[in-house]
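Scroll down for the structure; my scribbles are underneath it.
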Amino acid sequence: MAKGIWIIIEQSQAEIRNVSLELLSQGRILADKTGDPLVAVILGRNITELAGKVAAYGADKVILVDDEKLTDYTTGAYTSVLNKLIRKEEPQAVLLGNTAVGKDLAPRLAQRLGVGMASDCTGMEFDEESFLTFRRPIYGGKAFAQVVANARPVLATIRPNTFPIALPNALHQAEVINEMAEIDSEDLRAVVKEIALAASQRPELIEANVIISGGRGMKGPENYCILESCADMIGAAVGASRAAVDAGWIEQKFQVGQTGKTVSPTLYIACGISGAIQHLAGMGTSKVIVAINKDPEANIFNLADYGIVGDLFEILPLLTEEFKKLG
Amino acid sequence: MDIVVCLKQTFDTEAKIVLDSSGKIDSTGVNLVMNPYDEFAVEEALKLREKFGGQVTLVSMGGERVTESLRTALAMGCDEAILIQDPALESPDEWVTAEVLAKAVSQIPYDIILAGRIAVDDGSGQVAIRLADALKIPSVNCILKLETADGKAEVTREIDGGTELIEVSLPAVLTTQKGLNIPRYPSMMGIMKAKKKEIKRLTLADLGMSAADLPRKMSIMKFNLPSPRKGGMKISGEAADAAKELARILREEAKVI
Amino acid sequence: MNFDLNEDHIMMRKMVRDFAEQECAPGAEERDEKEEFPMELWKKCGELGLAGITFPEEYCGVGADYLSYAITVEELSRVDASLGVTVSAHSSLCANPIYLFGTEEQKQKYLIPLVTGEKMGAFGLTEAMAGSDASGTRTTAVRDGNDYIINGSKIFITNGYYADTYVITAQMDKSKGNRGIAAFILEKGMPGFTFGKKEKKMGIRSSATYELVFENVRIPAENLLGEEGQGFKIAMVTLDYGRIGIASQALGIAQGAYEQALKYAKERSQFGKTLSELEVIQFKLADMALQIEAARLLVYQACHMATEHRPVSKYAAMAKVHASETANMVATQAVQILGGYGYTRDYPVERMMRDAKITEIYEGTSEIQRLVIAANILKD
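Top line first, the protein sequences correspond to chains A, B and C. Converting from the first sequence to this note's numbering requires adding 329 to each position, the first position being numbered 1. The numbers in this note's numbering rise by one with no breaks, and the one at position 139 of the second sequence is 122. Converting from the third sequence to this note's numbering requires adding 345 to each position, the first position being numbered 1.
Right, here's the structure in full:
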């Protein structure tokens, strides 16, 4: 009995996050195979216009829960609402992006529902026998596990940039259902007092398509502007290795690696980064890796698709110029 | 204040991962350490105790070697430890782990529960949050700063693109993120004293549970190792030529910019 | 006989190693180049309880065994031999004689602050005319009422200038030779007690090595350590235990240099192979590993004797001779294996080679150690 593949849509200020579009796109492909309806679930405030957008990316049905208490994401309220909806509608699968929200919401929801959850998946397959199996990295990406759920719904968070975003089809229609937010008072014990978003124009690291990172070879905080100029020329995010963060040259939030962020960009340019295994854990699934390092023996050259042995202080500005010329 | 820290022992992040003959992850000869994120939880617990007085109790699950990490945390200054060991818990999934930990934790007093936001081996980041739901208490994930007063905690939490300030009533589960604090080294005196501190061992039966209560919700079908990335080409030439060639390759061949 | 370290030792080694690698190693090269004393790191060592490992809890010590101390000095020296000797000299050469020979009042006043690391200690035995031959001691101490008056100078004193507390030897009656020597406790700042030359050294350059100058330094009689005429014995016993510290320092240098060589040999390729695949290099590495293993066992054995309060002299001497000769061999070979790179400051092995040399000299030269061993084996 086709019950539905649900995508929990992440939105902020009426903008849908890319990872949700990736999941809708892949969800559409999946739904076509399983015969389930693809359902987009959006929680928030004043979110009615988003229904059209998710329909364009393949949703057959859109469940909107528009409530003041859901304006900003909170663990308790979102868990409460989704738990009740899922128990009512009994979807086969519920997918979320492995974002700050997904990492927080999915485990709580899974426990509330009494089901398992596959975190940070980099692959998803359908077959008649197992229904959905997921590929997920373990040990910092040094190994992968193929996992399957024994309970329903199947719950998983998917790593951003894993699936491509399909071209939207404005003609695709979806049934819109408005649901009331049912929130247990017990779930309102954590209150968001303030949200401080960095004023950066650059893309968020975990979703960025292109990342330029600097490591020990940057030699000091004052040199990151060279990296930033290059990044801004191609709309890239800026990252750093642990060495640079520990030296106090750049904030922790820019760290890519086992004890930093895990990223999966199309292009990762590593400057002055030796390529320690813990750094690899954070960027090893990048599609293309470029290394710029003056040490020809640096480990990073063993995994970079393209490398330049040279002085990054010389190369980066020149590269920035070349990117500018390409337009 | 009664502070509980959930601690996991994991492979050292330097460990080379190989599969044994049955296709499982081989743990022979692997260096085991306290999950690095749990170190922040232990340190924060000790700071809370320094400020408010009270007790720090560690709770963990696993084999005999886990006592090494528990001893390290005891040497850092924690007061006592509970280790849940049972043949039925050989490779539990996150739901099972949360259920068992919840049972154990519910038997001791707690004002605040701290745990690392993620374990570096499974990379799941689920158990602590699940534990909170099982205990029916609030959770805040990924904390960078913690202040407590009058039965409430004010925490700064990391979110994508910034931070959030959250006020949460205690008891609650808080998961720790890098940047929260700098974990202390155990002192020599701490190491000597750790021997005398208790590690209480509990089986499922001691918790009033049995294997039948804990069916797996997820199964691992197989493990595989990634095909190793290989080094590609090194672009040679003068800096200006190399930069030009790289830009060209990225645009025309790799098509990534 | 158990050759494995127990749980505590393993934890201690890990703690000191983590501290050494994260906090001490990064600046070691710079401190060596600038001859900059590691004052901040010394204070952290005190906070971690590394300044008074073997002393009992009653004097605020850790109450651990000699093996714990050896492991500590080894791990510090593995990344920074200067810091290793700073801790070792403080503990073995200053705190220890006060512990072994001091009165209760002296222990309360001087030992406790040394053990907690609040104060730093040094030991002044060596003089221009009294190196291996302590009977050449020219510094004098004369009783004057309730005081002693000290005149003279000491050279090559580790932790000099920075230390607060000094155990020094002085001749009170030349006619009695070594039996005329007495030991005293001095404090930095006592009138007449100043510091002279700071030595510019080949190695352990961030360890402070200073001349001590005594010009009519008046000290209360209570600052006599042990009894008049007991000074030479105090010095010899102190050095016996101190040799375990230096042997550990040498072991640490050897271990650090060896690991550098091993790592480099696995990464560096010449003639189409990594160096580690070339038999010539394999033999060198094997010899290095073997000598280090033997040195380690000798150090551990000496620790066992010390902890058990059994005669330590021969074992400490053996450990020191072997460990120091091993450190020199291993560090030199490490430079050799790293070749041209090893000779530059980009790699730490040249510093380790320079650091290694002193371990064959201070706290009793290898020649003296051999005499000590011979005296021990021939006496029965």
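Even glycine gets a Cβ: it sits at the ideal position worked out from N, Cα and C.
### Query
Which partner residues does valine 520 (chain A) have in the DSSP bridge list?
The residue given as residue 520 (chain A) occupies position 191 in the first sequence. BP columns for valine 520 (chain A) point to B:Glu150.
### Query
Residues of chain C with CB under 9 angstroms from serine 245 (chain B), in chain order?
No information on residue 245 (chain B) is available, as it lies outside the stretch -16 to 240 that chain B covers here.
#### Entry: DSSP-derived helix/strand/coil call for leucine 531 (chain C)
Indexing the third sequence from 1 puts residue 531 (chain C) at position 186. Strand, per DSSP.
#### Entry: Short-range partners of chain A found in the region -5 to 8 of chain B, where Cβ spacing is below 8 angstroms
Within the region -5 to 8 of chain B, the residues whose Cβ lies closer than 8 angstroms to some Cβ of chain A are Thr(-4), Glu(-3), Ala(-2), Lys(-1), Ile0, Leu2, Ile8, listed in chain order.
### Task
Could you tell me the distance, in whole angstroms, from the CA atom of glutamate 458 (chain A) to the CA atom of valine 477 (chain A)?
Against the first sequence, residue 458 (chain A) aligns to sequence position 129. Against the first sequence, residue 477 (chain A) aligns to sequence position 148. Their Cα atoms are separated by approximately 11 angstroms.
### Query
aspartate 640 (chain A) by DSSP, collapsed to three states: which one?
Position 311 of the first sequence, counted from the start, is the residue given in the question as residue 640 (chain A). If DSSP states are grouped into helix, strand and coil, aspartate 640 (chain A) belongs with coil.
### Backbone secondary structure at glutamine 38 (chain B) - three-state DSSP
In the second sequence, the residue the question calls residue 38 (chain B) occupies position 55. Note: glutamine 38 (chain B) maps to strand in three-state DSSP.
### Query
Is the shortest distance between the beta-carbon of cysteine 125 (chain B) and the beta-carbons of chain A less than 8 angstroms?
Mapped onto the second sequence, residue 125 (chain B) falls at position 142. For cysteine 125 (chain B), the nearest beta carbon of chain A is closer than 8 angstroms to its own beta carbon.
### Within-8 angstroms CB hit, valine 83 (chain B) to chain A
Translated into the one-based positions of the second sequence, residue 83 (chain B) becomes position 100. No, valine 83 (chain B) lies away from the interface with chain A (no Cβ there is under 8 angstroms from its Cβ).
### Message
On the DSSP bridge list, what partners appear for methionine 453 (chain A)?
### Response
As a position in the first sequence, residue 453 (chain A) is number 124, starting the count at 1. A:Phe463.
### Task
Identify the contact partners of alanine 58 (chain B) in chain C, using a Cβ-Cβ distance below 7 angstroms as the criterion.
By one-based count along the second sequence, residue 58 (chain B) stands at place 75. The contacting residues are Met356.
### Message
Classify glycine 549 (chain A): buried if its beta carbon has 16 or more other beta carbons within 10 angstroms, exposed otherwise.
### Response
Counting from 1 along the first sequence, the entry for residue 549 (chain A) is found at position 220. Label assigned to glycine 549 (chain A): exposed.
### Message
Between methionine 612 (chain A) and chain B, is the shortest Cβ-Cβ distance under 8 angstroms, so that the two count as touching?
### Response
For the purposes of this step, residue 612 (chain A) is taken as the residue at position 283 of the first sequence. No, methionine 612 (chain A) lies away from the interface with chain B (no Cβ there is under 8 angstroms from its Cβ).
### Query
With burial defined as no fewer than 16 other Cβ atoms inside 10 Å of the residue's Cβ, what is the status of leucine 642 (chain C): buried or exposed?
Counting from 1 along the third sequence, the entry for residue 642 (chain C) is found at position 297. Exposed, because fewer than 16 other Cβ atoms sit within 10 Å of the Cβ of leucine 642 (chain C).
### Query
What residues in its chain sit with their C-beta under 6 angstroms from that of lysine 542 (chain C), if we drop five residues either side in the sequence?
Indexing the third sequence from 1 puts residue 542 (chain C) at position 197. Cβ within range, chain order: Glu556.
### Task
Using beta-carbon positions only, say whether isoleucine 541 (chain A) and proline 482 (chain A) come within less than 8 angstroms of one another.
Looking up residue 541 (chain A) in the first sequence gives position 212. Looking up residue 482 (chain A) in the first sequence gives position 153. Going by C-beta atoms, isoleucine 541 (chain A) is not nearer than 8 angstroms to proline 482 (chain A).
### Task
Excluding the 5 residues preceding and the 5 following alanine 58 (chain B) in the sequence, name in chain order all residues of the same chain whose CB lies nearer than 7 angstroms to its CB.
Counted from its first residue, the second sequence places residue 58 (chain B) at position 75. Excluding residues within five positions, the ones whose Cβ falls inside 7 angstroms are Pro169, Gly173, Ile174, Ala177.
### Task
Identify each residue in the region 175 to 186 of chain B for which the Cβ-Cβ distance to at least one residue of chain C is less than 8 angstroms, and report them in chain order.
Here the close residues are Met175, Ala177, Lys178.
### Query
If we count the other Cβ atoms within 10 Å of its Cβ and call it buried at 16 or more, is histidine 667 (chain C) buried or exposed?
Here the question's residue 667 (chain C) lines up with position 322 in the third sequence. Per the 10 Å Cβ criterion, buried.
### Message
Let's see if you can read the secondary structure: which residues bound the alpha helix (DSSP H) around leucine 716 (chain C)?
### Response
In the third sequence, residue 716 (chain C) corresponds to position 371, counting from 1. Unbroken alpha helix (DSSP H) run through leucine 716 (chain C): 711 to 723.
### Message
Strictly below 7 angstroms CB to CB, what residues from chain C border arginine 48 (chain B)?
### Response
Looking up residue 48 (chain B) in the second sequence gives position 65. Neighbours of arginine 48 (chain B) on chain C: none; closest Cβ ~11 angstroms, over 7 angstroms.
### Query
Would you call the region 637 to 655 of chain C and the region 694 to 711 of chain C touching, i.e. three or more CB-CB distances under 8 angstroms?
no
### Task
Check the DSSP bridge columns for proline 565 (chain C) and list the partner residues they point to.
Start at 1 with the first residue of the third sequence, and residue 565 (chain C) comes out as number 220. Answer by DSSP bridge pairing, in chain order: C:Asp492.
### Per-residue contacts from asparagine 631 (chain A) into chain B (C-beta, under 8 angstroms)
Walking along the first sequence from the start, residue 631 (chain A) turns up at place 302. Against asparagine 631 (chain A), the close residues of chain B are Arg212, Lys213, Gly214, in the order they occur along the chain (beta-carbon pairs closer than 8 angstroms).
#### Entry: As assigned by DSSP and simplified to three states, the class of serine 413 (chain C)
If you number the third sequence from 1, residue 413 (chain C) lands on position 68. Three-state result, serine 413 (chain C): helix.
### Task
Ignoring anything shorter than 4 residues or poking outside the region 511 to 590 of chain A, list the alpha helix (DSSP H) runs there in chain order.
553 to 562, 571 to 575
### Task
Please say whether arginine 48 (chain B) and glutamine -8 (chain B) have beta carbons closer to each other than 8 angstroms?
Mapped onto the second sequence, residue -8 (chain B) falls at position 9. Mapped onto the second sequence, residue 48 (chain B) falls at position 65. In contact: glutamine -8 (chain B) and arginine 48 (chain B) (Cβ atoms closer than 8 angstroms).
### Query
chain B beta carbons: is any one of them nearer than 8 angstroms to that of phenylalanine 364 (chain C)?
Position 19 of the third sequence holds residue 364 (chain C). Residue contact with chain B for phenylalanine 364 (chain C): present (Cβ-Cβ distance below 8 angstroms to some residue of chain B).
### Message
Closest to alanine 242 (chain B) by C-alpha separation, out of A:Val520, A:Ala537, A:Arg545, would be which residue?
### Response
This structure leaves residue 242 (chain B) out entirely; chain B is present only between -16 and 240.
### Query
Who does glutamine 516 (chain C) pair with in a DSSP beta bridge?
For the purposes of this step, residue 516 (chain C) is identified with residue 171 of the third sequence, where counting begins at 1. DSSP output for glutamine 516 (chain C) lists C:Thr485, C:Ile526 as bridge partner(s).
### Task
Give the secondary structure of threonine 652 (chain C) by DSSP, where H, G and I count as helix, E and B as strand, and everything else as coil.
The count along the third sequence starts at 1 and reaches residue 652 (chain C) at position 307. Correct three-state label for threonine 652 (chain C): helix.
### Same chain, Cβ closer than 7 angstroms to valine 403 (chain A), five either side skipped, listed in chain order
For the purposes of this step, residue 403 (chain A) is identified with residue 74 of the first sequence, where counting begins at 1. Reading off the sequence, residue 403 (chain A) comes out as threonine, not valine. The residues are Ala519, Val521.
### Query
Using Cβ-Cβ distances below 9 angstroms, what residues of the region 698 to 723 of chain C are close to chain B?
none
### Query
Using 8 angstroms as the Cβ pair cut-off and three pairs as the minimum, do the region 82 to 97 of chain B and the region -1 to 14 of chain B touch?
Segments in contact, no.
### Message
Which runs of the beta strand (DSSP E) at least 3 residues long sit entirely within the region 553 to 601 of chain C? Give them in chain order.
### Response
Counting whole runs of 3 or more residues, the region 553 to 601 of chain C contains the beta strand (DSSP E) stretches 554 to 565.
#### Entry: Interfacial residues, the region 135 to 162 of chain B to chain A, with Cβ spacing under 8 angstroms
Flagged, chain order: Glu137, Glu141, Ile142, Asp143, Gly144, Gly145, Thr146, Glu147, Leu148, Ile149, Glu150, Val151, Ser152, Ala155, Lys161, Gly162.
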